[in-house]
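Position 85, counted from 1, in the sequence shown is what numbering that gives the first Met the number 0 calls 84; the numbers after and before it change by one each time, with no gaps. We put the beta carbon where it would ideally sit given N, CA and C, even for glycine. Below is one structure, written out as structure tokens, with a few remarks after it.
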Amino acid sequence: MMRFMDTLMVLLFPFLDAIPFTLPRYWLFRDRLRLPFRYIVLLQFVVSSVYSGVFYVINRGGYEMAVKWTTITRYCFLLLFLGFAFLLIRDSFPKLMFTWLLFLAWQFFVLGNANFIESRFFYEFSDRHPYMVYNIARIIVYLITFPFLSHFFSHTIADALKMDNKAMWRHLWKIPLFSTLFGMLYCTVTEVYAFASWQFLVSRYLMLLGACYVSYVAFEVLEVSHARTQLEEALKYADRSLQVQKKQFDALASHRDEMRRARHDLRQHLAVVQSYIDREDKEGLADYIDLYRNQLPPDTRERYCVNDAVNAIVCYYASLARDGGIEFEAGVDYPRGCPVSDTDITVLLGNLLENAVEACRRETAERRFIRLRLKRRGGSSLLILTDNTCTAQVGFEQGIPLSSKREGTGIGTASVRELAARYGGTVEFAQKDGVFYASVLLKTVPETFADDVKHV
């Protein structure tokens with residue numbers, strides 16, 4: 000019976016090396032996988048089975064062969080699993096390395112605790128039944144740490160992976176690198192006393208907690224910085240909206256004064272008209288009416304929709320476009336009582352129209368245009384479409400246009416994506432035949448996204 004258990008422990012050893020740490024990492028990237036998750040699970044078990052067979056053969060060769068080849072085999076398969084991750088996950092090198100190193104720090108923590116327990120308390124038993132205590136200790140330590148690390152990965156790390164700042168990720172992935180390298184110092188150690196020391200155990204705790212804590216602090220700082228950037232952006236568009244509304248209010252006040260004067264003068268004009276009628280001077284009357292019509296104050300206030308905030312931001316960019324000789328056309332059907340906040344819709348429209356105006360300004364073609372369409376779709380969503388002239392080639396990364404001002408995607412584009420996601424919507428960008436197309440779909444039925452909005 001014990002012989003069968005010893006064989007089972009040898010076969011189980013490789014599975015505990017891989018499956019508990021590879022599958023959660025693939026799940027973290029589940030929306031960026033090249034294959035369905037169930038096929039990846041199957042692939043991981045197939046590779047782990049091969050690993051298990053190789054490990055079994057090595058251990059059948061005796062103690063000396065096991066000592067010589069176990070560490071090499073483990074690291075070869077560790078790199079093989081890493082290679083599969085790069086092939087199966089559609090994401091950047093820094094993000095993949097960052098998550099792999101964090102999971103590796105977790106793995107070293109579990110292995111280190113198991114090594115310590117086996118070497119310090121069950122050395123004689125483990126000498127007779129290799130891997131049994133080690134495997135059981137690994138399972139227990141993993142189950143204890145899983146709730147905490149799972150929460151850390153599914154919240155802090157998952158939120159961080161949504162950030163598309165390439166310059167930031169070029170440095171962030173190095174945070175867990177040095178902690179993990181520190182953990183590798185014991186990889187070639189074979190003396191039992193080294194694993195049984197409290198120094199070894201403390202080093203494992205420092206490695207995992209250090210990597211996680213520094214990553215957490217870094218992301219908290221970045222989150223504050225990101226929130227500040229979003230707030231500054233919202234204030235920028237709010238200020239522009241207020242400028243337009245003030246301009247329109249001043250024009251309306253001037254218009255009202257002119258209308259008051261016009262009404263005051265109406266009695267005199269009617270007397271003049273009556274004198275032309277009495278003399279039957281039709282030609283003079285027609286000339287006088289034309290003169291009077293030209294003196295009437297024009298209706299100078301642009302009105303695209305009933306929402307003042309939306310109307311103001313559209314007016315602002317319409318004015319910028321026309322000042323730059325760019326044709327501007329807008330059809331805005333923004334519903335009353337729309338659950339999308341004025342701040343959010345202002346930032347979203349501001350980003351789309353600002354990018355369109357800047358793209359048109361860079362064009363040398365005679366005819367440059369911007370078309371904006373905002374309409375309800377099916378009573379449960381809001382569709383925003385912008386088309387603008389853009390003959391310069393635009394680079395895309397995973398369907399998102401790259402910025403012409405900085406490396407990676409633009410801040411404005413990222414804001415549009417975040418706002419769309421906040422309202423359970425989607426964003427699509429495309430370039431075709433010298434025209435750049437952007438479409439944003441927002442869900443406007445409160446019950447479909449209210450909970451998401453509260454937690455953002």
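Sequence-distant residues of its chain with Cβ nearer than 6 angstroms to residue i (five each side left out)
{"i": "E326", "result": "F368"}
{"i": "F108", "result": "R203, L207"}
{"i": "L348", "result": "I312"}
{"i": "L100", "result": "P175, L176, T179"}
{"i": "A320", "result": "F327, V356, I369"}
{"i": "E427", "result": "S438"}
{"i": "N387", "result": "A355, A358, C359, I369, F435"}
{"i": "A341", "result": "In the sequence on display, residue 341 carries Asp and not Ala. Counting only Cβ-Cβ distances below 6 angstroms, and skipping sequence neighbours, we find A308."}
Neighbour-count burial assignment, residue i, 16 or more Cβ in a 10 Å radius
{"i": "I363", "result": "The sequence given here has Thr at residue 363, not Ile. T363 comes out exposed."}
{"i": "E274", "result": "Note on identity: in this sequence residue 274 is Ser, with Glu being the wrong assignment. S274 comes out exposed."}
{"i": "F3", "result": "exposed"}
{"i": "R137", "result": "buried"}
{"i": "P35", "result": "exposed"}
{"i": "F28", "result": "buried"}
{"i": "K161", "result": "exposed"}
{"i": "L269", "result": "exposed"}
{"i": "F152", "result": "buried"}
{"i": "Y130", "result": "buried"}
{"i": "I399", "result": "buried"}
{"i": "F85", "result": "exposed"}
{"i": "R24", "result": "buried"}
{"i": "I344", "result": "buried"}
{"i": "I39", "result": "buried"}
{"i": "G82", "result": "exposed"}
{"i": "G111", "result": "buried"}
{"i": "F106", "result": "The amino acid at residue 106 is misidentified as Phe; the sequence shows Gln. So Q106 counts as buried."}
Alpha-carbon spacing of residue i relative to residue j, whole angstroms
{"i": "T385", "j": "Y436", "result": "6 angstroms"}
{"i": "G336", "j": "F14", "result": "56 angstroms"}
{"i": "A285", "j": "E279", "result": "11 angstroms"}
{"i": "L41", "j": "R372", "result": "47 angstroms"}
{"i": "V415", "j": "N354", "result": "11 angstroms"}
{"i": "E123", "j": "L205", "result": "29 angstroms"}
{"i": "S149", "j": "W26", "result": "11 angstroms"}
{"i": "F395", "j": "A358", "result": "15 angstroms"}
{"i": "D5", "j": "G61", "result": "14 angstroms"}
{"i": "S318", "j": "G330", "result": "16 angstroms"}
{"i": "I276", "j": "R366", "result": "51 angstroms"}
{"i": "E222", "j": "R37", "result": "33 angstroms"}
{"i": "L251", "j": "N306", "result": "Per-residue confidence for L251 stands at a pLDDT of 48, beneath the threshold of 50, marking its modelled position as unreliable; the derived number appears in the next sentence. Using only the alpha carbons, I get a separation of about 17 angstroms."}
{"i": "M8", "j": "H128", "result": "9 angstroms"}
{"i": "V66", "j": "V46", "result": "22 angstroms"}
{"i": "T412", "j": "N350", "result": "7 angstroms"}
{"i": "A419", "j": "T425", "result": "6 angstroms"}
8 angstroms Cβ cutoff met for residue i and residue j
{"i": "L171", "j": "F97", "result": "yes"}
{"i": "V439", "j": "I383", "result": "yes"}
{"i": "V339", "j": "Y422", "result": "yes"}
{"i": "L10", "j": "Q43", "result": "no"}
{"i": "T390", "j": "G433", "result": "yes"}
{"i": "R73", "j": "D16", "result": "yes"}
{"i": "L352", "j": "Y303", "result": "no"}
{"i": "F12", "j": "F102", "result": "no"}
{"i": "S380", "j": "L441", "result": "yes"}
{"i": "E328", "j": "R361", "result": "no"}
{"i": "F462", "j": "V132", "result": "What is shown of the chain runs 0 to 455, which leaves residue 462 out entirely."}
{"i": "K472", "j": "D332", "result": "Any question about residue 472 goes unanswered here, given that the chain covers just 0 to 455."}
Close beta carbons around residue i, own chain, < 8 angstroms, minus the five adjacent residues each side
{"i": "T459", "result": "Because the chain in this structure spans residues 0 to 455, residue 459 falls outside the shown range and cannot be described."}
{"i": "W168", "result": "S91, P93, K94, F97, M162"}
{"i": "V271", "result": "Y287"}
Chain-order list of residues whose beta-carbon lies under 7 angstroms from that of residue i (same chain, five-residue window excluded)
{"i": "M64", "result": "I57"}
{"i": "R227", "result": "none"}
{"i": "A104", "result": "P175, S178, T179, G182, M206, L207, A210"}
{"i": "A429", "result": "Y436"}
{"i": "T443", "result": "C337, P338, V339, S379, S380, L381"}
{"i": "Y55", "result": "V9, L10"}
{"i": "T69", "result": "I57"}
Query raised in the report: Looking at C-beta atoms only, is the number of pairs between the stretch 82 to 100 and the stretch 114 to 133 that lie closer than 8 angstroms three or more?
Result: no
Report task. Determine, using beta-carbon pairs with one atom in the stretch 69 to 86 and one in the stretch 134 to 145, whether at least three such pairs fall under 8 angstroms. Result -> no
Query raised in the report: Are the stretch 171 to 180 and the stretch 34 to 54 touching, with three or more C-beta to C-beta distances below 8 angstroms?
Result: no
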